[in-house]
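So the protein lines, in turn, are chains F and V.
1 is the number of the first residue of the first sequence in my numbering; add one for each residue after it.
1001 is the number of the first residue of the second sequence in my numbering; add one for each residue after it.
Built from N, CA and C at the ideal position, the CB exists for glycine as well.
What you are looking at is a predicted structure, and each value in this text was computed from that prediction instead of being measured.
In what follows, a single structure is set out as structure tokens and then discussed.
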Amino acid sequence: MSKKIIPVGPYHPLQEEPEFFQLHVDGERVVDIDIIIGYNHRGIEKLCEMRTFDQVVFVVERICGICSISHPSASVNCIEDCARVTAPLRAQYIRMIIAELERIHSHMLWLGLAGHFIGYNTVFMWAWKYREIVLDIFERITGNRQSYAMFKPGGIRRDIKKEEVPKIINELGELERSLEMFRGAVLDDPVLHARLKGVGILTREDVITFSAVGPTARASGVAIDVRKDDPYFAYDKVDFDMIVTENGDVFDKVIVRVLEMFESVRIIKQGLTGMPDGPYDTPLKDMPPGEGVGRAEAPRGEVYHYLRSDGSNTPARYKVRAPSFMNVATNAVSAVGQSIADATLTLAAVDPCYCCTERMQAVDYKTRKKVYNWSDLVRLSQEKTQQLKKKF
Amino acid sequence: MSFLKKALTKSPWVFHLSTGSCNNCDIEIIDCLTPRFDVERFGVMLVGSIRHADIILITGSMNKKSVKRVKVLYEQAPRPCAVVACGTCSCGGHFFRDSYNTDTPVSKTIPVDVYIPGCPPKPEALIAGIVKALGKLDEKRKNR
């Protein structure tokens, strides 16, 4: 039987972002997959080079709305690394609290969408209903439901008031109760077991080959988490567990995310009670020439920012590496061999984030035509690896 | 309750089109449909195909790769249809107006009827914008 191609995208009801999958199918079975991206590239890195260091944090916040604090986290780490400045401890605690609140809202969002993908809209509505609790906390302490503009190099913009703390802890209790209900209702459901177990398996070897990160890697038994491996903010001062499971299927990815939300609640509670008094901002005087590197654990995995400064008030080079870039590529192994119905779920299981991913586009200067497509870039990258291998 | 009356007399079907956004507006649009706001009570429904849509919700800063596709999609929409630009990016370009890969604002590519500024606009603002678009739809229907 000849191969048929099923196009999914770029504008389709499945996900809210534009992306284009071509599923090569043989009957019901997916034999190959092409991932075509580029509908979301906005030239963020170049825009960062036109902005001052204070403004860069706002720009990277607009890379992605779901992880709208992970990119600023990596960014402030990176700018502070370059400027040799450390933010006060209170600022570090508040940053950690905001980052963990965001992890809960992001995982909730994904769980809801995953429920929607398998036609289980009850889960979708539940997850998004309980997510509002987190958004309310955000609105109170930062002033916005998303894009909080909370971080700045050297500290944070707004303090959490003392009288807010018991209110937040109270609401977290409410959240925990709904999470508990959620865990019972979702994870004991036989339909979900049948639908998710053994689907889209990603082995430990594949994770290492594709350099996958975050919950995608942790669900396959690779214990990797920047919060534990290279603690930033105040993560070394709180007690939490890294959730690692072994099977690597979609069900395990769900479990990792659900359990991580409980860990996040634990971290936030410890942060709110252990937060020291004091200043929450140190002024950033000047920026010496040099390099800076910042890492942060986003809900989807490690975010990595690199900065080169030439001593002026704007970066000379700004580089962003987002986790979905590696995680999306794993679809090439996990979706192949599945039925079409399972493929969509598998594609969504890495929690892809295309606004984070799209960093690069090559344009021929003379003809103004785009010369590299996705496969060209992959080929280029592979050739370079081969060259380096020969060299060493 | 003029809003209720308006919404119940004609249930608008909306189509959501992301032209290179950061997800914020897209999440808030979906948030309108979930229990807290639940605009489906008023008949506002998110549809999967633009051929069923009365209102197009555009988000994002109009990436150059999207321009061609957005034009095609706009041509496919049934008439009359109202276009709503959600968020600062699609209204005026935000800071993406300086970018080499965007063609901001959205109104350069297709005509826009209602603008909802904000980064991201709150669900309340989105609902208010959709109600305004209903008025525009009425006008368009009369002028036909």
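Residue burial classification, residue i (beta-carbon count within 10 angstroms, cutoff 16)
i, result
"V/Thr1102", "buried"
"F/Lys339", "The question names Lys, but residue 339 of chain F is Ser in the sequence shown. The residue in question, F/Ser339, is exposed, as its Cβ has fewer than 16 Cβ neighbours within 10 Å."
"F/Leu377", "Note on F/Leu377: pLDDT 46, under 50, position unreliable in the model; the coordinate value appears next. F/Leu377 comes out exposed."
"F/Tyr130", "buried"
"V/Tyr1100", "exposed"
"F/Ala316", "exposed"
"V/Pro1105", "buried"
"F/Lys369", "Caution applies to F/Lys369, whose pLDDT of 48 falls short of 50 and renders its modelled position unreliable; the model cannot decide the point."
"F/Met108", "buried"
"F/Lys197", "exposed"
"V/Glu1075", "exposed"
"V/Ile1029", "buried"
"V/Ser1011", "exposed"
"F/Arg145", "buried"
"F/His193", "exposed"
"V/His1016", "buried"
"F/Glu302", "buried"
"F/Glu102", "buried"
"F/Asp364", "Caution applies to F/Asp364, whose pLDDT of 44 falls short of 50 and renders its modelled position unreliable; the model cannot decide the point."
"F/Met360", "Residue placement at F/Met360 cannot be trusted, given a pLDDT of 47 that sits under 50; the coordinates are not used to answer."
"V/Asn1143", "exposed"
"F/Pro276", "exposed"
"F/Ser375", "At F/Ser375 the pLDDT is 46, less than 50, meaning the model places this residue with poor confidence and gives no usable figure here."
"F/Glu260", "buried"
From the options, residue whose alpha carbon lies closest to that of residue i
i, options, result
"F/Gly311", "F/Phe53, F/Gly38 and F/Pro279", "F/Phe53"
"V/Lys1132", "V/Gly1087, V/Ser1021, V/Val1083 and V/Lys1108", "V/Val1083"
"F/Leu89", "F/Gln146, F/Gly271, F/Phe325 and F/Gly292", "F/Gly271"
"V/Gly1043", "V/Val1114, V/Asp1113, V/Cys1032 and V/Asn1063", "V/Cys1032"
"F/Lys269", "F/Ile97, F/Glu19, F/Asp32 and F/Ile33", "F/Ile97"
"F/Ile141", "F/Glu19, F/Glu164 and F/Gly337", "F/Glu164"
"V/Thr1088", "V/Arg1069, V/Val1114 and V/Lys1065", "V/Val1114"
"F/Ala87", "F/Pro289, F/Phe262 and F/Ile156", "F/Ile156"
"V/Arg1069", "F/Cys64, F/Tyr39, F/Val76 and F/Ser70", "F/Tyr39"
"V/Gly1020", "V/Glu1040, V/Thr1034, V/Phe1096 and V/Ile1050", "V/Phe1096"
"F/Gly27", "F/Ile44, F/Pro279 and F/Ile6", "F/Ile6"
Cβ distance (whole Å) where residue i is taken to contact residue j below 8 Å
i, j, result
"F/Thr61", "F/Ser264", "In the sequence under discussion, the amino acid at residue 61 of chain F is Glu, which differs from the Thr named in the question. Wrong, their Cβ atoms sit about 20 Å apart, outside the cutoff."
"F/Leu347", "F/Asn331", "5 Å"
"F/Ile243", "F/Arg218", "6 Å"
"V/Leu1073", "V/Val1014", "That pair is no contact at about 14 Å."
"F/Arg204", "F/Val186", "Not confirmed; about 25 Å, so no contact."
"F/Arg257", "F/Phe240", "Incorrect: roughly 15 Å between the Cβ atoms, too far for contact."
* To do: Could you please tell me which residues of the segment 131–145 of chain F, in chain order, have their CB closer than 7 Å to any CB of chain V?
  => Answer set for the segment 131–145 of chain F: Glu132 and Arg145.
* Asked: Using a beta-carbon distance cut-off of less than 7 Å, what residues from the segment 1033–1055 of chain V approach chain F?
  -> If you check each beta-carbon in the segment 1033–1055 of chain V against every beta-carbon of chain F, the ones closer than 7 Å belong to Thr1034, Pro1035, Arg1036 and Gly1048.
* **Contact between the segment 69–84 of chain F and the segment 289–309 of chain F (3+ Cβ pairs under 8 Å)** => Note that the segment 69–84 of chain F touches the segment 289–309 of chain F; at least 3 beta-carbon pairs, one per stretch, sit closer than 8 Å.
* the segment 295–303 of chain F contacting the segment 166–185 of chain F, beta-carbon criterion three pairs below 8 Å -> Judged by Cβ distances under 8 Å, the segment 295–303 of chain F makes no contact with the segment 166–185 of chain F, as fewer than three pairs qualify.
* To do: Compile a chain-ordered list of the residues in the segment 35–58 of chain F whose CB is closer than 9 Å to at least one CB of chain V.
  => So the list reads Gly38, Tyr39, Asn40, His41, Arg42, Gly43, Ile44, Lys46, Leu47, Met50, Arg51, Gln55 and Phe58, given in the order they occur along the chain.
* Asked: Going along the chain, which residues of the segment 64–79 of chain F sit with their C-beta nearer than 8 Å to a C-beta in chain V?
  -> Considering only beta carbons, the part of the segment 64–79 of chain F lying closer than 8 Å to chain V consists of Cys64, Gly65, Ile66 and Ser68, in chain order.
* Any residues in the segment 1112–1143 of chain V with a beta carbon nearer than 8 Å to a beta carbon of chain F? Which ones, in chain order? -> Of all residues in the segment 1112–1143 of chain V, Cys1119, Pro1120 and Lys1122 have a Cβ within less than 8 Å of some Cβ in chain F.
* Can you give me, in chain order, the residues of the segment 111–125 of chain F that have a beta carbon less than 7 Å from any beta carbon in chain V? => Taking 7 Å as the cut-off between beta carbons, the residues of the segment 111–125 of chain F near chain V are Met125, in sequence order.
* Taking any Cβ of chain F, which residues in the segment 1086–1097 of chain V have a Cβ under 9 Å from it, in chain order? -> The segment 1086–1097 of chain V vs chain F, Cβ under 9 Å: Cys1089, His1094, Phe1095 and Phe1096.
* Asked: What are the residues of the segment 149–169 of chain F that lie near chain V, defined by any Cβ-Cβ distance shorter than 9 Å?
  -> Answer in chain order: no residues at all.
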